[in-house]
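Here is the structure we will look at, set down as structure tokens.
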Amino acid sequence: MEQILNYFQTIPSLHRSIILVGGLTFFWILEGAVPLVKFNYNKWRHALPNLFFTGTTIIINFSLAFLLLKSSDWVVEHQFGILHWLPEIPLWLFAVLGVLLMDLIGAYLPHFTEHKIKPLWMIHLVHHSDHKVDSTTANRHHPLESVVRYVFTLFGVFIIGAPIALIMLYQSLSLIATQFSHANIKLSKSVDLALSYVLISPDMHKTHHHYKLPHTDSNYGNIFSIWDRLFGTYTYLDRDALVYGVDTFPNEKENSSLKSLLKQPFQKYRKPTTDTEGNLL
1 MEQILNYFQT
11 IPSLHRSIIL
21 VGGLTFFWIL
31 EGAVPLVKFN
41 YNKWRHALPN
51 LFFTGTTIII
61 NFSLAFLLLK
71 SSDWVVEHQF
81 GILHWLPEIP
91 LWLFAVLGVL
101 LMDLIGAYLP
111 HFTEHKIKPL
121 WMIHLVHHSD
131 HKVDSTTANR
141 HHPLESVVRY
151 VFTLFGVFII
161 GAPIALIMLY
171 QSLSLIATQF
181 SHANIKLSKS
191 VDLALSYVLI
201 SPDMHKTHHH
211 YKLPHTDSNY
221 GNIFSIWDRL
231 FGTYTYLDRD
241 ALVYGVDTFP
251 NEKENSSLKS
261 LLKQPFQKYR
271 KPTTDTEGNL
281 L
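Below, the structure is given as structure tokens:
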């Protein structure tokens, strides 16, 4: 574990890029071999806006990276945060707890919040409005959402007391995990369900991308499923019933247009459709 943390302490930007591109390439190829849904689409055309948002996320994260470094240096120097207030523990346990807590505060919490606060939901809508979820959907986040999530990550660094090695390890694991859970790949239902007791499996996260409530507001996790199960936000939906997109913004043409997606957070909020008895349609 010490060698792993030493590596991530000074991980080169090139290596981080290789993790991003390598993971995306691997799951892109795997989608062609064992697809969950046989989409009738031009995969490159579908990928273009998603890859654009991947690029903006990279730019924002690299531009603000100095804040993470400064914050991490400060909490380590002042022994501030949960990890520093615990009794002395083995290094492997220190790393596991750190990654778990980063997953909670840096991923689960902002994701949950984005679904509960209307302006943030309109920003996050860009991610949900993809009608053909695949590995490129993983980083389809409006630039404003990239900033929102960065703020939560910074908050997590202070609360947890995370050293930079732990942050880099978490972000690398997070990147691969989100590509895996969004990838249009078909695991056996039993294997997928077994994985979902520990990790966010593809079927588990695809439930979150179902086009209407209550499934849209569930399964917020990024790496570990413990937080959804602990906080009661886990739901199950058979993969055969999945319909991607958002019922209140159903126009696939607009949701595939980069220009429309950039303006999407500034549209008027639309309430989910209900019947006369108040049941969601």
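For the sequence shown, counting from 1, position 135 maps to 135 in my numbering; every step adds exactly one. Glycine residues also receive a C-beta, built at the ideal position from the N, C-alpha and C atoms.
query: Beta-carbon spacing of LEU109, PHE224 below 8 Å; result: no
query: contact_flag[the segment 119-139, the segment 237-251] where n(CB pairs < 8 Å) is 3 or more; result: yes
query: Range covered by the alpha helix (DSSP H) that runs through ILE164; result: 164-182
query: Nearest neighbour of ASP134, chosen from ASN6, LEU258 and LYS43 [CA to CA]; result: LYS43
query: Under the three-state DSSP convention, the category HIS141 falls into; result: coil
query: Among TYR41, LEU175 and GLY32, the one whose alpha carbon lies nearest that of GLU252; result: TYR41
query: CA-to-CA distance, PRO143 to ILE164, given in whole angstroms; result: 24 Å
query: Three or more C-beta pairs below 8 Å linking the segment 20-34 and the segment 165-185; result: yes
query: Same chain only: Cβ atoms within 6 Å of ALA107, ignoring 5 sequence neighbours per side; result: ASN222
query: N- and C-terminal bounds of the alpha helix (DSSP H) containing SER17; result: 13-33
query: Inter-stretch contact (C-beta, 8 Å, three-pair minimum) for the segment 85-99 and the segment 192-211; result: no
query: Whole-number beta carbon distance between VAL148 and LEU120, since they are thought to touch under 8 Å; result: 7 Å
query: Exposed unless 16 or more other CB atoms sit within 10 angstroms - verdict on ARG45; result: exposed
query: Element boundaries [alpha helix (DSSP H), containing SER72]; result: 65-77
query: Beta-carbon proximity of GLY32 to ILE176, cut-off 8 Å; result: no
query: One or two residues paired with PHE224 in a DSSP bridge; result: LEU199
query: Three-way DSSP call (helix, strand, coil) for ILE89 in this model; result: coil
query: ILE123 in three-state terms, based on DSSP; result: helix
query: Which of helix, strand or coil DSSP assigns to ILE82; result: helix
query: CB contact flag (LYS212, PRO35, <8 Å); result: no
query: CB contact flag (VAL75, ALA138, <8 Å); result: no
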